[in-house]
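Enquirer: Numbering (my numbering), first residue to last: 317 to 552. Ideal Cβ positions, reconstructed from N, Cα and C, are used throughout, including at glycine.
1) Tell me whether residue 462 sits in a helix, a strand or coil according to DSSP, three-state version.
2) Restricting to runs no shorter than 3 residues, where is the beta strand (DSSP E) found entirely within the stretch 442-525?
3) Let me check understanding here. Comparing Cα to Cα, which of 350, 498, 327 lies closest to residue 521?
4) To the nearest angstrom, report how far apart residue 358 and residue 364 are at their CA atoms.
5) For residue 430, tell me which candidate among 394, 451, 369 has the shortest Cα-Cα distance.
6) Can at least three beta-carbon pairs, one atom from the stretch 500-512 and one from the stretch 334-350, be found at a separation below 8 Å?
7) Measuring straight from C-alpha to C-alpha, what distance separates residue 362 and residue 347?
8) Residue 317: buried (16+ other C-beta within 10 angstroms of its C-beta) or exposed?
9) Is there contact here, the stretch 386-395 with the stretch 412-420, by at least three beta-carbon pairs under 8 Å?
10) At what residues does the alpha helix (DSSP H) containing residue 386 begin and finish?
11) Smallest Cα separation from residue 435: which of 474, 371, 478?
12) Measuring CA to CA, which of 487, 544, 402, 545 is closest to residue 311?
13) Figure out for me which residue from 439, 467, 483 has the closest Cα to the Cα of residue 404.
14) Going straight from the alpha carbon of residue 399 to that of residue 541, what length do you get?
15) Quick check on residue 408: does DSSP put it in helix, strand or coil?
16) Buried or exposed for residue 459, going by 16 or more other Cβ atoms inside 10 Å?
17) Assuming residue 367 contacts residue 443 (C-beta within less than 8 Å), just tell me the rounded distance between them.
18) Can a CB atom of chain D be found closer than 8 Å to the CB of residue 395?
19) So the candidates are 324, 341, 323; which of them puts its Cα closest to the Cα of residue 473?
20) Looking only at its own chain, which residues have a Cβ that is under 8 Å from the Cβ of residue 514, when we skip the five neighbours before and after it?
21) Determine the direct distance from the alpha carbon of residue 496 to that of residue 465, and round the result to whole angstroms.
22) Do residue 498 and residue 441 have their CB atoms nearer than 8 Å?
23) Identify, in the order they occur along the chain, each residue of the same chain with its Cβ nearer than 8 Å to the Cβ of residue 356, setting aside the five sequence neighbours on each side.
24) Excluding sequence positions up to five away, which residues of its chain have a Cβ less than 6 Å from the Cβ of residue 516?
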C-alpha cells in the first residue's frame with residue numbers, strides 16, 4: 317500500500333485545481349460570447365455553424381500546439397504554456413465592442429468569424445493547451461501516480477461540467493455581461509498563478525529522467541490516420 321504524504325496531497329490538489337479551473341473557463345467562453353452575439357446577428361443556422369466550426373478549429377489548433385510542444389523538455393513546455401497564457405490575457409476581457417454590428421450589405425458568417433478570431437481565439441487556444449500540458453508537468457514529478465497522469469481528467473471533466481451548468485443557472489441570471497467577463501478574467505488570472513505554481517512544484521519535485529524503451533511494432537499508415545480523422549467527424 318502506497319503511503320501518501322501531505323506534500324504529495326498538496327501537489328496533487330494543486331494540479332487538480334488548475335485542471336478544474338482551466339476546463340471551467342474553457343467551457344464558459346462559448347455561452348458567454350454567444351450571449352453577446354445573439355442579439356446582434358440572430359440565431360440562424362449560418363451563424364450557429366460558423367461559431368461551432370470556429371471553436372472546433374480553435375480547439376484543434378490548441379491540440380496541435382500541444383503536440384508540437386511535447387517534443388520539447390517538460391520544463392520548456394511549461395514555460396511556453398505559461399507565456400502563451402500571459403500573452404492571451406492581453407485580449408481580455410472577452411467582450412464584443414459596443415458598436416460592433418455586421419454590415420448590412422456584408423456576409424454575416426464572415427463577420428462572425430472575424431469577430432470571434434479577434435476577441436476569443438487567443439485565450440481559447442491558450443486554455444485548450446491546459447489539460448495535456450498540466451498532465452505532462454505532473455508526469456514529471458515524483459508523485460506516486462505520476463507515471464499514469466490521465467486520472468487527472470476527472471478534475472478536468474468536473475470543471476467542464478461545472479462551467480456548463482454554472483452559466484445558465486448562476487452567471488447568466490445574476491450577472492450582466494460586463495460582470496461575467498470581469499469574473500471570467502479574474503478566474504483566468506487565477507489559472508495563470510496556478511500554472512506557475514504547478515511548474516514550480518514540478519521543478520522542485522522533478523523525477524529522475526527515465527530512459528524509455530524503443531517502441532516496437534509497425535507505425536500506422538497514412539490510410540489508417542486518414543480513416544481515424546474521418547471517424548472523428550462523426551460525433552460532431
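Expert: According to the structure shown:
1) Position 146 of the chain shown, counting from 1, holds the residue named residue 462. Reduced to three states, the DSSP call for residue 462 is coil.
2) none
3) Locating residue 521 in the chain shown gives position 205, counting from the first residue. The shortest C-alpha separation from residue 521 is found at 327.
4) Within the chain shown, the letter at position 42 stands for residue 358. Within the chain shown, the letter at position 48 stands for residue 364. Answer to the nearest angstrom: the Cα atoms are 9 Å apart.
5) Position 114 of the chain shown, counted from the start, is the residue given in the question as residue 430. It is 369 whose Cα lies nearest to the Cα of residue 430.
6) yes
7) Position 46 of the chain shown, counted from the first residue, corresponds to residue 362. Position 31 of the chain shown, counted from the first residue, corresponds to residue 347. One C-alpha to the other measures close to 17 Å.
8) For the purposes of this step, residue 317 is taken as residue 1 along the chain shown, with counting starting at 1. Bear in mind that the predicted position of residue 317 carries a pLDDT of just 41, short of 50, making it too unreliable to give a figure here.
9) no
10) In the chain shown, counting from the first residue as 1, residue 386 sits at position 70. Unbroken run through residue 386: none, as it is neither H nor E.
11) Reading the chain shown from its first residue, position 119 is the one you call residue 435. Measuring from the Cα of residue 435, the nearest candidate turns out to be 371.
12) What is shown of the chain runs 317 to 552, which leaves residue 311 out entirely.
13) Residue mapping note: residue 404 aligns to position 88 of the chain shown, counting from 1. Ranking 439, 467, 483 by Cα distance to residue 404 puts 439 first.
14) Within the chain shown, the letter at position 83 stands for residue 399. Within the chain shown, the letter at position 225 stands for residue 541. Approximately 32 Å between the Cα atoms of the pair.
15) Residue mapping note: residue 408 aligns to position 92 of the chain shown, counting from 1. Of the three classes helix, strand and coil, the one that applies to residue 408 here is coil, per DSSP.
16) In the chain shown, counting from the first residue as 1, residue 459 sits at position 143. Label assigned to residue 459: buried.
17) If you number the chain shown from 1, residue 367 lands on position 51. If you number the chain shown from 1, residue 443 lands on position 127. Going by Cβ atoms, the distance from residue 367 to residue 443 rounds to 17 Å, so no, they are not a contact pair.
18) The structure shown has no chain D; it contains just one protein chain.
19) Translated into positions along the chain shown, residue 473 becomes position 157. When each option's Cα is compared against that of residue 473, the closest is 341.
20) The residue given as residue 514 occupies position 198 in the chain shown. So the qualifying residues of the chain are 330, 331, 334, 394, 450, 453, 454.
21) The residue you call residue 465 lines up with position 149 of the chain shown. The residue you call residue 496 lines up with position 180 of the chain shown. If I take the Cα positions, the gap works out to 32 Å.
22) Position 182 of the chain shown, counted from the start, is the residue given in the question as residue 498. Position 125 of the chain shown, counted from the start, is the residue given in the question as residue 441. Going by C-beta atoms, residue 498 is not nearer than 8 Å to residue 441.
23) In the chain shown, residue 356 corresponds to position 40, counting from 1. Closer than 8 Å at the Cβ level, and outside the excluded window around residue 356, lie 412, 416, 417, 418.
24) Within the chain shown, numbered from 1, the residue matching residue 516 stands at position 200. For residue 516, where only same-chain residues beyond five positions count, there are no Cβ hits under 6 Å.
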